[in-house]
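Residue 5 is where the sequence shown starts when you use this note's numbering, and the numbers rise one by one after that.
Just so it is clear, CB atoms sit at the ideal spot from N, CA and C, and this is done for glycine as well.
No experiment lies behind these values; they were computed from the predicted model shown.
In what follows, a single structure is set out as structure tokens and then discussed.
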Amino acid sequence: MNRDAIHAALDMILDALAERSTSQPTDELVPLRELPFDVEARRRLVREGKLKTVRIGRSLFTSRAAVAALATELPPATMPGPKPRAALAPVDDVAEAARRRAARKAAR
């Protein structure tokens with residue numbers, strides 16, 4: 005092949021790739037290490053097939069669409085914290101509040 009034929013073939017390939025990239029939106033890849041999960045959770049999600057990944061070099065990447073799909077599948081996170089306190093009944097006067105407090109102390 006001569007040099008002009010090679011350039012013409014490369015131009016055709018580049019034109020085809022440019023048309024393909026404008027007709028199909030590319031999904032941005034995100035490094036797996038940047039996801040807000042610990043290492044074991046990320047490994048489990050990949051191993052169970054809940055998160056699609058691609059390996060580029062030594063790193064794993066996933067798409068933003070895959071992360072969004074995963075977010076719809078996972079249950080909402082529950083944060084550990086103090087147990088909610090029982091609601092107190094409204095008090096009409098200070099004497100009634102003192103009587104209730106004394107009753108609670110006596111019950112302990």
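| Asked | Found |
| --- | --- |
| 8 Å CB neighbourhood of residue 38 in its chain, flanking five on each side removed | none |
| For residue 59, three-class secondary structure by DSSP | strand |
| Which residues DSSP lists as bridging residue 35, in chain order | 65 |
| Nearest candidate by alpha-carbon position, reference residue 45, set 107, 74, 109 | 74 |
| Under the three-state DSSP convention, the category residue 78 falls into | coil |
| Neighbour-count burial assignment, residue 70, 16 or more Cβ in a 10 Å radius | buried |
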